[in-house]
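J.: All residue numbers for the sequence shown refer to numbering that gives the first Met the number 0, where the first residue is 0 and numbers rise by one.
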Amino acid sequence: MQSEAGAIGAVHGALQTGALSTSFTSSQGLLLMIPTLYKLAGQLMPFVLHVAARTVATHALSIFGDHSDVMAVRQTGCAMLCASNVQEAQDFALISHIATLKSRVPFIHFFDGFRTSHEINKIAPLADDTLRSLLPQDEIDAHRLRALNPEHPTIRGTSANPDTYFQSREATNPWYDAVYEHVETAMDAFATATGRRYKPFEFYGHPQAERAIVVMGSAIGTCEEVVDELLSRGEKVGVLKVRLYRPFSAAHLLEALPESARAVAVLDRTKEPGAHAEPLYLDVMTALAEAFNRGERETLPRTIGGRYGLSSKEFGPECVLAVFNELSAAKPKPRFTVGIYDDVTNLSLPLGGKYPAVGGEAGGAVLRLGQRRQRVGDQEQHQNHRQLDAVVLAGLLRLRFEKGRRTHRFAPARQRETDSLFLSDLAG
(Lines of atoms letter the chains of each structure in order from A and count residues from 1; the text may use other names and numbers.)
(Lines give C-alpha, C1' and ligand atoms only; values in the text may rest on other atoms or scores of the structure.)
Protein backbone atom coordinates (compact mmCIF):
# COMPACT_ATOMS: atom_id res chain seq x y z
CA MET A 1 0.00 0.00 0.00
CA GLN A 2 1.20 3.53 -0.69
CA SER A 3 0.28 4.56 2.88
CA GLU A 4 -2.09 3.76 5.71
CA ALA A 5 -4.83 5.28 3.56
CA GLY A 6 -4.37 2.42 1.12
CA ALA A 7 -4.11 -0.14 3.91
CA ILE A 8 -7.48 0.78 5.38
CA GLY A 9 -8.94 0.87 1.86
CA ALA A 10 -7.83 -2.73 1.40
CA VAL A 11 -9.45 -3.62 4.72
CA HIS A 12 -12.69 -1.97 3.57
CA GLY A 13 -12.68 -4.04 0.41
CA ALA A 14 -11.99 -7.25 2.31
CA LEU A 15 -14.87 -6.56 4.69
CA GLN A 16 -17.24 -5.98 1.77
CA THR A 17 -16.42 -9.47 0.50
CA GLY A 18 -17.36 -11.03 3.85
CA ALA A 19 -13.82 -11.59 5.11
CA LEU A 20 -12.78 -10.92 8.70
CA SER A 21 -10.14 -8.24 8.57
CA THR A 22 -8.13 -6.11 10.99
CA SER A 23 -5.26 -3.64 10.90
CA PHE A 24 -2.75 -1.88 13.14
CA THR A 25 -1.52 1.71 13.14
CA SER A 26 -0.73 4.83 15.16
CA SER A 27 -0.13 8.59 14.95
CA GLN A 28 -0.21 10.09 11.44
CA GLY A 29 -1.04 6.66 10.04
CA LEU A 30 -4.31 6.70 11.95
CA LEU A 31 -5.14 10.17 10.64
CA LEU A 32 -4.75 8.92 7.07
CA MET A 33 -7.44 6.33 7.79
CA ILE A 34 -10.11 8.82 8.91
CA PRO A 35 -12.13 9.03 5.65
CA THR A 36 -12.50 5.25 5.45
CA LEU A 37 -13.28 4.95 9.18
CA TYR A 38 -16.31 7.16 8.56
CA LYS A 39 -17.39 4.77 5.78
CA LEU A 40 -16.85 1.64 7.89
CA ALA A 41 -18.92 3.08 10.73
CA GLY A 42 -21.64 4.37 8.43
CA GLN A 43 -21.96 0.99 6.72
CA LEU A 44 -21.85 -0.91 10.05
CA MET A 45 -18.85 -3.04 9.10
CA PRO A 46 -17.59 -5.21 12.01
CA PHE A 47 -13.88 -4.52 12.24
CA VAL A 48 -11.18 -3.83 14.85
CA LEU A 49 -8.31 -1.40 14.39
CA HIS A 50 -5.56 -1.87 16.99
CA VAL A 51 -3.74 1.37 17.80
CA ALA A 52 -0.60 2.04 19.82
CA ALA A 53 -1.66 5.59 20.69
CA ARG A 54 1.12 8.01 19.86
CA THR A 55 1.79 11.71 19.42
CA VAL A 56 0.72 13.51 16.27
CA ALA A 57 3.45 15.82 14.93
CA THR A 58 2.76 19.49 15.65
CA HIS A 59 5.59 21.98 16.23
CA ALA A 60 7.93 18.98 16.15
CA LEU A 61 7.82 15.32 15.23
CA SER A 62 7.52 12.94 18.18
CA ILE A 63 7.44 9.17 18.00
CA PHE A 64 6.33 8.79 21.62
CA GLY A 65 3.01 8.08 23.27
CA ASP A 66 -0.11 10.02 24.15
CA HIS A 67 -3.75 10.11 23.03
CA SER A 68 -3.62 12.90 20.47
CA ASP A 69 -4.08 10.48 17.55
CA VAL A 70 -7.04 8.49 18.90
CA MET A 71 -8.79 11.64 20.10
CA ALA A 72 -8.67 12.89 16.51
CA VAL A 73 -10.91 9.98 15.39
CA ARG A 74 -13.44 9.94 18.21
CA GLN A 75 -16.03 11.58 15.94
CA THR A 76 -15.84 8.92 13.20
CA GLY A 77 -18.48 6.66 14.75
CA CYS A 78 -16.05 3.90 15.77
CA ALA A 79 -16.35 2.47 19.26
CA MET A 80 -13.20 3.00 21.33
CA LEU A 81 -11.90 0.55 23.94
CA CYS A 82 -8.78 1.43 25.93
CA ALA A 83 -6.36 -1.07 27.52
CA SER A 84 -4.17 0.11 30.39
CA ASN A 85 -1.49 -2.62 30.49
CA VAL A 86 -0.06 -5.51 28.50
CA GLN A 87 -2.49 -8.07 29.92
CA GLU A 88 -5.46 -5.90 29.00
CA ALA A 89 -3.99 -5.24 25.55
CA GLN A 90 -4.21 -8.97 24.83
CA ASP A 91 -7.58 -9.46 26.52
CA PHE A 92 -9.27 -6.40 25.05
CA ALA A 93 -8.15 -7.36 21.57
CA LEU A 94 -10.38 -10.44 21.84
CA ILE A 95 -13.19 -8.57 23.59
CA SER A 96 -13.15 -5.95 20.83
CA HIS A 97 -13.49 -8.58 18.11
CA ILE A 98 -16.39 -10.22 19.95
CA ALA A 99 -18.16 -6.91 20.52
CA THR A 100 -17.76 -5.66 16.95
CA LEU A 101 -19.23 -8.86 15.53
CA LYS A 102 -22.16 -8.64 17.95
CA SER A 103 -22.83 -4.93 17.46
CA ARG A 104 -21.63 -4.40 13.85
CA VAL A 105 -20.03 -1.14 15.03
CA PRO A 106 -16.30 -0.95 14.14
CA PHE A 107 -13.94 -0.77 17.11
CA ILE A 108 -10.70 1.07 17.77
CA HIS A 109 -8.81 -0.85 20.44
CA PHE A 110 -5.99 1.34 21.71
CA PHE A 111 -3.29 1.34 24.35
CA ASP A 112 -0.48 3.74 25.19
CA GLY A 113 2.36 3.82 22.69
CA PHE A 114 5.76 2.86 24.14
CA ARG A 115 4.51 2.83 27.75
CA THR A 116 2.40 -0.26 27.01
CA SER A 117 3.28 -1.23 23.43
CA HIS A 118 7.01 -1.58 24.20
CA GLU A 119 6.65 -3.13 27.64
CA ILE A 120 7.67 -6.72 28.33
CA ASN A 121 5.76 -8.30 31.18
CA LYS A 122 4.50 -11.70 32.21
CA ILE A 123 0.87 -12.27 31.28
CA ALA A 124 -1.61 -15.12 31.14
CA PRO A 125 -1.85 -15.93 27.41
CA LEU A 126 -5.12 -16.87 25.76
CA ALA A 127 -5.34 -20.43 24.49
CA ASP A 128 -6.63 -21.18 21.00
CA ASP A 129 -9.48 -23.19 22.48
CA THR A 130 -10.54 -20.14 24.50
CA LEU A 131 -10.54 -18.00 21.37
CA ARG A 132 -12.66 -20.53 19.50
CA SER A 133 -15.16 -20.83 22.33
CA LEU A 134 -15.66 -17.07 22.71
CA LEU A 135 -15.81 -15.87 19.11
CA PRO A 136 -19.49 -15.76 18.03
CA GLN A 137 -19.78 -18.11 15.05
CA ASP A 138 -23.36 -17.10 14.24
CA GLU A 139 -22.33 -13.46 13.84
CA ILE A 140 -19.32 -14.47 11.74
CA ASP A 141 -21.65 -16.39 9.43
CA ALA A 142 -24.03 -13.42 9.28
CA HIS A 143 -21.15 -11.12 8.31
CA ARG A 144 -20.21 -13.47 5.48
CA LEU A 145 -23.80 -13.58 4.25
CA ARG A 146 -23.79 -9.78 4.01
CA ALA A 147 -20.91 -9.92 1.51
CA LEU A 148 -21.40 -8.28 -1.87
CA ASN A 149 -22.61 -11.07 -4.12
CA PRO A 150 -24.36 -10.99 -7.52
CA GLU A 151 -26.58 -13.87 -6.32
CA HIS A 152 -28.22 -11.52 -3.79
CA PRO A 153 -27.29 -7.99 -4.87
CA THR A 154 -27.43 -4.98 -2.55
CA ILE A 155 -26.57 -1.34 -3.10
CA ARG A 156 -23.93 0.41 -0.99
CA GLY A 157 -21.94 3.60 -1.16
CA THR A 158 -24.78 5.64 -2.56
CA SER A 159 -25.15 9.40 -2.78
CA ALA A 160 -27.96 10.73 -0.59
CA ASN A 161 -29.87 13.98 -0.89
CA PRO A 162 -31.24 16.25 1.85
CA ASP A 163 -34.60 14.46 1.79
CA THR A 164 -33.15 11.23 3.27
CA TYR A 165 -29.60 11.73 4.59
CA PHE A 166 -30.48 13.11 8.03
CA GLN A 167 -33.04 10.39 8.73
CA SER A 168 -30.62 7.66 7.65
CA ARG A 169 -27.92 8.94 9.99
CA GLU A 170 -30.30 8.93 12.93
CA ALA A 171 -31.43 5.41 12.05
CA THR A 172 -28.07 4.06 13.29
CA ASN A 173 -28.81 5.13 16.88
CA PRO A 174 -30.10 1.70 18.04
CA TRP A 175 -26.82 0.04 17.05
CA TYR A 176 -24.80 2.51 19.13
CA ASP A 177 -27.22 2.34 22.05
CA ALA A 178 -26.59 -1.42 22.20
CA VAL A 179 -22.77 -1.28 22.13
CA TYR A 180 -22.30 -0.92 25.89
CA GLU A 181 -24.38 -4.02 26.57
CA HIS A 182 -22.47 -6.00 23.93
CA VAL A 183 -19.13 -5.00 25.47
CA GLU A 184 -20.31 -5.80 28.97
CA THR A 185 -21.65 -9.18 27.83
CA ALA A 186 -18.36 -9.95 26.08
CA MET A 187 -16.44 -9.02 29.24
CA ASP A 188 -18.67 -11.26 31.35
CA ALA A 189 -18.19 -14.20 28.97
CA PHE A 190 -14.46 -13.52 28.98
CA ALA A 191 -14.42 -13.56 32.79
CA THR A 192 -16.23 -16.89 32.86
CA ALA A 193 -13.67 -18.40 30.48
CA THR A 194 -10.49 -16.89 31.98
CA GLY A 195 -11.23 -15.63 35.48
CA ARG A 196 -10.17 -12.09 34.55
CA ARG A 197 -13.08 -9.73 35.06
CA TYR A 198 -13.35 -6.28 33.50
CA LYS A 199 -15.99 -3.56 33.36
CA PRO A 200 -16.34 -0.70 30.87
CA PHE A 201 -16.22 1.72 33.84
CA GLU A 202 -14.65 0.52 37.08
CA PHE A 203 -13.98 2.34 40.33
CA TYR A 204 -11.00 1.44 42.50
CA GLY A 205 -10.64 2.85 45.99
CA HIS A 206 -12.72 3.78 49.02
CA PRO A 207 -16.44 3.04 48.52
CA GLN A 208 -17.21 6.46 50.06
CA ALA A 209 -14.42 8.30 48.28
CA GLU A 210 -14.46 12.09 48.62
CA ARG A 211 -11.76 12.75 46.02
CA ALA A 212 -11.51 10.86 42.74
CA ILE A 213 -9.45 10.85 39.57
CA VAL A 214 -11.00 9.85 36.23
CA VAL A 215 -8.46 8.57 33.71
CA MET A 216 -7.81 5.97 31.04
CA GLY A 217 -4.70 4.23 29.75
CA SER A 218 -1.47 3.23 31.46
CA ALA A 219 -1.82 5.99 34.08
CA ILE A 220 -4.41 3.79 35.79
CA GLY A 221 -1.75 1.54 37.30
CA THR A 222 0.12 4.49 38.77
CA CYS A 223 -3.10 5.95 40.18
CA GLU A 224 -4.04 2.63 41.80
CA GLU A 225 -0.64 2.44 43.48
CA VAL A 226 -1.06 5.92 44.99
CA VAL A 227 -4.66 5.21 45.99
CA ASP A 228 -3.46 2.18 47.97
CA GLU A 229 -0.91 4.34 49.78
CA LEU A 230 -3.45 7.06 50.60
CA LEU A 231 -6.03 4.50 51.74
CA SER A 232 -3.46 3.13 54.18
CA ARG A 233 -3.24 6.65 55.62
CA GLY A 234 -7.00 6.76 56.13
CA GLU A 235 -7.83 9.06 53.22
CA LYS A 236 -11.00 8.54 51.19
CA VAL A 237 -9.81 8.55 47.59
CA GLY A 238 -10.25 6.51 44.43
CA VAL A 239 -9.72 6.28 40.69
CA LEU A 240 -12.39 5.72 38.05
CA LYS A 241 -11.02 3.62 35.20
CA VAL A 242 -12.50 4.45 31.80
CA ARG A 243 -12.21 1.56 29.37
CA LEU A 244 -15.09 2.01 26.90
CA TYR A 245 -14.65 5.61 25.78
CA ARG A 246 -16.95 5.52 22.75
CA PRO A 247 -19.89 5.22 22.78
CA PHE A 248 -19.67 7.18 26.04
CA SER A 249 -22.26 5.91 28.52
CA ALA A 250 -22.95 8.71 30.99
CA ALA A 251 -25.36 6.53 32.97
CA HIS A 252 -22.78 3.83 33.60
CA LEU A 253 -20.05 6.33 34.44
CA LEU A 254 -22.32 7.86 37.09
CA GLU A 255 -23.18 4.41 38.38
CA ALA A 256 -19.48 3.67 38.90
CA LEU A 257 -18.55 7.03 40.47
CA PRO A 258 -19.49 7.21 44.19
CA GLU A 259 -21.99 9.95 44.98
CA SER A 260 -19.81 10.84 47.96
CA ALA A 261 -17.17 12.28 45.62
CA ARG A 262 -17.13 16.03 46.24
CA ALA A 263 -14.03 16.74 44.14
CA VAL A 264 -13.15 15.08 40.82
CA ALA A 265 -10.12 15.51 38.56
CA VAL A 266 -10.35 14.30 34.97
CA LEU A 267 -6.99 13.64 33.31
CA ASP A 268 -6.48 13.77 29.54
CA ARG A 269 -3.36 12.64 27.71
CA THR A 270 -3.89 15.06 24.85
CA LYS A 271 -4.05 18.76 24.10
CA GLU A 272 -6.59 20.48 21.87
CA PRO A 273 -5.38 24.08 21.51
CA GLY A 274 -8.23 26.55 21.59
CA ALA A 275 -10.75 24.14 23.11
CA HIS A 276 -12.53 25.03 26.33
CA ALA A 277 -11.27 21.77 27.82
CA GLU A 278 -9.95 18.36 26.81
CA PRO A 279 -12.22 15.57 25.48
CA LEU A 280 -12.58 13.22 28.44
CA TYR A 281 -13.14 16.14 30.81
CA LEU A 282 -15.94 17.50 28.63
CA ASP A 283 -17.66 14.11 28.53
CA VAL A 284 -17.42 13.59 32.29
CA MET A 285 -18.45 17.16 33.12
CA THR A 286 -21.46 16.93 30.80
CA ALA A 287 -22.54 13.64 32.40
CA LEU A 288 -22.30 15.11 35.92
CA ALA A 289 -24.03 18.37 35.01
CA GLU A 290 -26.93 16.67 33.21
CA ALA A 291 -27.45 14.26 36.12
CA PHE A 292 -27.52 17.21 38.52
CA ASN A 293 -29.96 19.14 36.33
CA ARG A 294 -32.29 16.13 36.14
CA GLY A 295 -32.21 15.76 39.91
CA GLU A 296 -30.45 12.39 39.77
CA ARG A 297 -27.58 13.74 41.90
CA GLU A 298 -28.10 15.99 44.89
CA THR A 299 -24.79 17.78 44.47
CA LEU A 300 -22.48 18.62 41.60
CA PRO A 301 -18.91 17.75 42.54
CA ARG A 302 -16.20 20.30 41.97
CA THR A 303 -14.67 19.00 38.75
CA ILE A 304 -11.31 20.08 37.35
CA GLY A 305 -9.42 18.95 34.27
CA GLY A 306 -5.73 18.37 33.66
CA ARG A 307 -3.28 17.37 30.97
CA TYR A 308 -0.46 14.90 31.55
CA GLY A 309 1.97 12.64 29.77
CA LEU A 310 2.20 14.29 26.34
CA SER A 311 4.85 12.59 24.19
CA SER A 312 5.48 9.99 26.92
CA LYS A 313 6.30 12.60 29.57
CA GLU A 314 6.74 10.60 32.76
CA PHE A 315 3.61 10.35 34.92
CA GLY A 316 4.77 9.05 38.28
CA PRO A 317 3.19 8.64 41.72
CA GLU A 318 4.28 12.14 42.69
CA CYS A 319 2.11 13.48 39.84
CA VAL A 320 -0.91 11.59 41.16
CA LEU A 321 -0.25 12.93 44.65
CA ALA A 322 -0.10 16.45 43.24
CA VAL A 323 -3.54 15.97 41.66
CA PHE A 324 -5.07 14.65 44.88
CA ASN A 325 -3.50 17.55 46.78
CA GLU A 326 -5.01 19.99 44.29
CA LEU A 327 -8.43 18.43 44.87
CA SER A 328 -8.05 19.26 48.56
CA ALA A 329 -7.35 22.94 47.87
CA ALA A 330 -9.96 25.57 48.70
CA LYS A 331 -9.74 26.95 45.16
CA PRO A 332 -8.20 24.32 42.86
CA LYS A 333 -7.11 25.27 39.37
CA PRO A 334 -9.97 24.51 36.96
CA ARG A 335 -7.42 23.61 34.24
CA PHE A 336 -3.92 22.39 34.96
CA THR A 337 -0.93 20.44 33.72
CA VAL A 338 1.06 17.95 35.78
CA GLY A 339 4.50 16.46 35.24
CA ILE A 340 6.10 19.61 33.82
CA TYR A 341 6.98 23.09 35.10
CA ASP A 342 4.95 25.69 33.22
CA ASP A 343 6.46 29.14 33.82
CA VAL A 344 4.64 30.64 30.80
CA THR A 345 0.95 30.22 31.61
CA ASN A 346 1.46 28.89 35.17
CA LEU A 347 -0.87 25.93 34.77
CA SER A 348 1.40 23.28 36.27
CA LEU A 349 0.85 21.73 39.68
CA PRO A 350 3.71 21.65 42.20
CA LEU A 351 4.96 18.12 42.78
CA GLY A 352 5.18 16.80 46.30
CA GLY A 353 8.04 15.04 48.01
CA LYS A 354 9.59 11.70 47.19
CA TYR A 355 7.04 8.92 46.95
CA PRO A 356 7.71 5.89 49.21
CA ALA A 357 9.23 2.94 47.37
CA VAL A 358 7.23 -0.25 46.92
CA GLY A 359 8.75 -3.74 47.30
CA GLY A 360 10.97 -5.30 44.66
CA GLU A 361 14.24 -4.35 43.05
CA ALA A 362 14.60 -1.86 40.24
CA GLY A 363 17.35 -1.50 37.71
CA GLY A 364 18.08 0.83 34.88
CA ALA A 365 20.32 0.75 31.84
CA VAL A 366 21.40 3.31 29.30
CA LEU A 367 22.60 1.59 26.14
CA ARG A 368 24.10 2.94 22.95
CA LEU A 369 22.47 1.03 20.13
CA GLY A 370 24.38 -0.58 17.32
CA GLN A 371 23.30 -3.44 15.08
CA ARG A 372 22.98 -6.00 17.88
CA ARG A 373 19.93 -6.87 19.91
CA GLN A 374 19.73 -7.28 23.67
CA ARG A 375 17.45 -9.45 25.78
CA VAL A 376 16.82 -8.91 29.49
CA GLY A 377 14.78 -11.24 31.67
CA ASP A 378 14.67 -13.69 34.57
CA GLN A 379 12.41 -16.32 36.04
CA GLU A 380 10.81 -14.05 38.65
CA GLN A 381 7.89 -11.72 38.21
CA HIS A 382 9.34 -8.85 36.22
CA GLN A 383 8.52 -5.76 34.23
CA ASN A 384 10.66 -4.46 31.40
CA HIS A 385 10.10 -1.13 29.72
CA ARG A 386 12.29 0.46 27.08
CA GLN A 387 12.36 3.84 25.45
CA LEU A 388 14.49 4.73 22.45
CA ASP A 389 15.13 7.96 20.67
CA ALA A 390 14.47 8.70 17.00
CA VAL A 391 18.08 8.07 15.88
CA VAL A 392 18.26 4.89 13.79
CA LEU A 393 21.94 4.10 14.33
CA ALA A 394 23.98 4.75 17.49
CA GLY A 395 21.00 6.22 19.32
CA LEU A 396 20.24 5.81 23.01
CA LEU A 397 18.00 3.13 24.52
CA ARG A 398 16.76 3.68 28.06
CA LEU A 399 15.81 0.35 29.59
CA ARG A 400 13.95 0.04 32.87
CA PHE A 401 13.23 -3.24 34.62
CA GLU A 402 11.80 -4.36 37.95
CA LYS A 403 11.70 -7.80 39.50
CA GLY A 404 10.21 -9.37 42.58
CA ARG A 405 8.30 -12.36 43.84
CA ARG A 406 4.96 -10.64 44.27
CA THR A 407 2.24 -10.52 41.64
CA HIS A 408 2.77 -7.37 39.64
CA ARG A 409 -0.07 -4.94 39.17
CA PHE A 410 1.38 -3.58 35.92
CA ALA A 411 1.98 -0.17 37.53
CA PRO A 412 4.39 1.76 35.28
CA ALA A 413 7.94 1.66 36.55
CA ARG A 414 9.16 4.85 38.19
CA GLN A 415 11.94 6.42 36.19
CA ARG A 416 13.69 8.24 39.02
CA GLU A 417 14.10 5.43 41.57
CA THR A 418 16.81 2.96 40.62
CA ASP A 419 18.71 0.43 42.73
CA SER A 420 21.30 -0.29 40.04
CA LEU A 421 22.40 1.53 36.91
CA PHE A 422 24.24 -0.04 33.97
CA LEU A 423 25.90 1.74 31.06
CA SER A 424 26.73 -0.16 27.91
CA ASP A 425 27.95 0.64 24.40
CA LEU A 426 26.69 -1.91 21.88
CA ALA A 427 27.90 -0.03 18.83
CA GLY A 428 31.45 -1.29 18.99
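Yeah, the Cβ is synthetic: ideal placement off N, Cα and C, and Gly gets one too.
Secondary structure at residue 202, three-state DSSP: helix, strand or coil?
T.: Three-state result, residue 202: strand.
J.: In the DSSP assignment, what residue or residues form a beta bridge with residue 92?
T.: Beta-bridge pairing links residue 92 to no other residue.
J.: Mind checking which residues open and close the beta strand (DSSP E) that includes residue 243?
T.: Its beta strand (DSSP E) spans residues 243-245.
J.: For the beta strand (DSSP E) holding residue 51, just list the boundary residues, first then last.
T.: Element bounds for residue 51: 47-52.
J.: Counting only the same chain and skipping the five closest in sequence on each side, list residues whose C-beta sits under 7 Å from that of residue 25.
T.: Within the same chain, residue 25 has close Cβ partners 50, 51, 52, 53, 68, 112.
J.: Is it the case that the CB of residue 290 approaches a heavy atom of the ligand MG more closely than 7 Å?
T.: This structure simply doesn't include the ligand MG, nor any ligand for that matter.
J.: Identify whether residue 80 lies in helix, strand or coil by the three-state DSSP scheme.
T.: Looking at residue 80 - three-state DSSP - the assignment turns out to be strand.
J.: Report yes if the C-beta distance between residue 202 and residue 256 is below 8 Å; otherwise report no.
T.: Contact: yes.
J.: From residue 406 to residue 34, what does the alpha carbon distance come to, in whole angstroms?
T.: Note on residue 406: pLDDT 49, under 50, position unreliable in the model; no value is reported.
J.: Report the start-end ranges of each alpha helix (DSSP H) in the stretch 154-188 that is 4 residues or longer and not cut off at the edges.
T.: Entirely contained in the stretch 154-188, the alpha helix (DSSP H) runs reaching 4 residues are, in chain order, 164-169, 172-176.
J.: Does the distance from the CB of residue 336 to the CB of residue 306 come in under 8 Å?
T.: Yes, they are a contact pair.
J.: What are the residues that DSSP puts in a beta bridge with residue 337?
T.: Note: residue 337 sits in a beta bridge opposite 307.
J.: Between the stretch 105-119 and the stretch 70-89, do at least 3 Cβ pairs fall closer than 8 Å?
T.: Yes, they touch.
J.: Name the two residues that bound the continuous beta strand (DSSP E) containing residue 118.
T.: That run of the beta strand (DSSP E) goes 118-120.
J.: Look at the alpha carbon of residue 283 and the alpha carbon of residue 178, and state the distance between them as a whole number of angstroms.
T.: Roughly 19 Å between the two C-alpha positions.
J.: Please say whether residue 114 and residue 76 have beta carbons closer to each other than 8 Å?
T.: The answer is no: Cβ separation not under 8 Å.
J.: So for residue 237, helix, strand or coil by DSSP?
T.: DSSP places residue 237 in strand when its eight states are reduced to three.
J.: So who's on the other strand from residue 267, going by DSSP bridges?
T.: DSSP lists 306 as partners of residue 267.
J.: Measure the C-alpha to C-alpha separation of residue 126 and residue 194 and round it to an integer number of angstroms.
T.: Whole-angstrom Cα-Cα distance: 13 Å.
J.: Looking at C-alpha atoms only, which residue of 72, 121, 98 is the closest neighbour of residue 84?
T.: For residue 84, the nearest C-alpha among the options comes from 121.
J.: For the beta strand (DSSP E) containing residue 211, name the first residue and the last one.
T.: First-last of the beta strand (DSSP E) with residue 211: 210-214.
J.: Contact defined as beta carbons within less than 8 Å: I believe residue 269 pairs with residue 278. What is the distance between those atoms, to the nearest angstrom?
T.: Their Cβ separation, rounded to whole angstroms, is 7 Å, which keeps residue 269 and residue 278 in contact under 8 Å.
J.: Assign residue 221 to buried or exposed, taking buried as 16 or more other Cβ atoms, counted over all protein chains shown, within 10 Å of its Cβ.
T.: Classification for residue 221: buried.
J.: Would DSSP call residue 290 helix, strand or coil?
T.: Three-state DSSP puts residue 290 in a helix.
J.: Let's see if you can read the secondary structure: which residues bound the beta strand (DSSP E) around residue 109?
T.: 106-111 is the span of the beta strand (DSSP E), which, as asked, contains residue 109.
J.: Mind checking whether residue 210 and residue 288 have CB atoms under 8 Å apart?
T.: No.
J.: Given that a residue counts as buried once 16 or more other Cβ atoms are within 10 Å of its Cβ, and exposed if not, what is residue 308?
T.: Buried.
J.: Among all the DSSP beta bridges, which residues are the ones paired with residue 262?
T.: Residue 262 is bridged to 210, 301.
J.: For residue 303, which option in 317, 265, 275 has the closest C-alpha, if you only look at C-alpha atoms?
T.: When each option's Cα is compared against that of residue 303, the closest is 265.
J.: Would you mind reading off the limits of the alpha helix (DSSP H) that contains residue 327?
T.: Run containing residue 327: 316-327, per the alpha helix (DSSP H) assignment.
J.: DSSP puts residue 63 in a beta bridge; with which residues?
T.: DSSP, once it has assigned bridges, lists no residue as partnering residue 63.
J.: Does residue 2 pass the burial test, meaning 16 or more other C-beta atoms within 10 Å, or should it be called exposed?
T.: Flag for residue 2 reads exposed.
J.: By alpha-carbon positions, which one of 323, 89, 156 ends up nearest to residue 43?
T.: Residue 43 has its Cα closest to that of 156, out of 323, 89, 156.
J.: Classify residue 197 as buried or exposed, calling it buried when 16 or more other Cβ atoms lie within 10 Å of its own Cβ.
T.: Burial call: buried.
J.: Give me the Cα-Cα distance between residue 341 and residue 325, rounded to the nearest whole angstrom.
T.: Approximately 16 Å, taken between the alpha carbons.
J.: Residue 221 lies in the alpha helix (DSSP H); which residues open and close that run?
T.: Residues 218-231.
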